[in-house]
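Visitor: Sharing a structure with you now.
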Amino acid sequence: IKQYLPYGPALYEEDTLTDQLERDLVSEIVREKALRCLRDEVPHGIAVYTDSMKEREKKNGEILMDIASTLVCERDSHKGMIIGKGGSMLKRIGTEARIDMEKLLECQVNLKLFVKVRRDWRDNEAQLRNFGYRF
42 IKQYLPYGPA LYEEDTLTDQ LERDLVSEIV REKALRCLRD EVPHGIAVYT DSMKEREKKN
102 GEILMDIAST LVCERDSHKG MIIGKGGSML KRIGTEARID MEKLLECQVN LKLFVKVRRD
162 WRDNEAQLRN FGYRF
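In structure tokens, the structure reads:
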């Protein structure tokens, strides 16, 4: 295939990994971990948006990123499954997501996760756009 591609100038710097925003990558990490942890329990009707990302310096000079993300599901029963008994599932999702975020952002991450129900959000074009889906 490479031989058939036209030669052209580089579109990105050599060290550029992606053209996605960090905020979008963080949301996708949370969604990936939720889908992996929940497997078949909750259908793929989960959206994630990142409410805030704030960088701050700790007393020792290290950088800490405070991140708040919200998982959106369609049913109250799904919310219960996402949270899990005593918050165990949400904690697991958060822990696994935080590990990947720290690798991506190269700093310590303080991650807070929230779960909201938005009935039939997948059928609502305005909500889909709010969650970053493009048509």
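Start counting the sequence shown at 42; every next residue gets the next number (my numbering). Backbone N, C-alpha and C define an ideal beta-carbon position, used for all residues, glycine too. Since we're looking at a predicted model, the values are computed, not measured.
Can you give me the Cβ contacts of Gly-135 inside the same chain, cut-off strictly under 6 Å, excluding the 5 residues immediately before and after it?
Guide: Counted from its first residue, the sequence shown places residue 135 at position 94. Leu-152, Leu-154, listed in sequence order.
Visitor: CB of Gly-49 to nearest heavy atom of the ligand NAD: below 8 Å?
Guide: In the structure shown, the ligand NAD is absent, as is every other ligand, since no ligand is present at all.
Visitor: Return helix, strand or coil for Ile-177, following the three-state DSSP convention.
Guide: The displayed coordinates of the chain run from 42 to 176. Any statement about residue 177 would go beyond what the structure contains.
Visitor: Tell me the rounded alpha-carbon separation between Gly-121 and Asp-164.
Guide: In the sequence shown, the residue the question calls residue 121 occupies position 80. In the sequence shown, the residue the question calls residue 164 occupies position 123. The straight-line gap from Cα to Cα measures roughly 22 Å.
Visitor: If we define contact as Cβ-Cβ less than 9 Å, is Leu-145 a contact residue for chain C?
Guide: Among the chains in the structure shown there is no chain C, since it carries only a single protein chain.
Visitor: When you compare each of Ile-123, Cys-114, Leu-52 to Leu-131 by their alpha carbons, which one comes out closest?
Guide: Along the sequence shown, one-based indexing puts residue 131 at 90. Looking at the Cα atoms, Ile-123 is the closest of the given residues.
Visitor: Which ranges does the beta strand (DSSP E) cover as unbroken runs of at least 3 residues, wholly within the segment 64-139, from first to last along the chain?
Guide: Complete beta strand (DSSP E) runs here, min 3: 88-98, 104-114.
Visitor: Any idea which residues DSSP pairs Phe-155 with across the strands?
Guide: The sequence position of residue 155 within the sequence shown is 114, counting from 1. Thr-111.
Visitor: Under the DSSP definition of a beta bridge, which residues are partnered with Gln-149?
Guide: Within the sequence shown, numbered from 1, the residue matching residue 149 stands at position 108. DSSP lists Leu-105 as partners of Gln-149.
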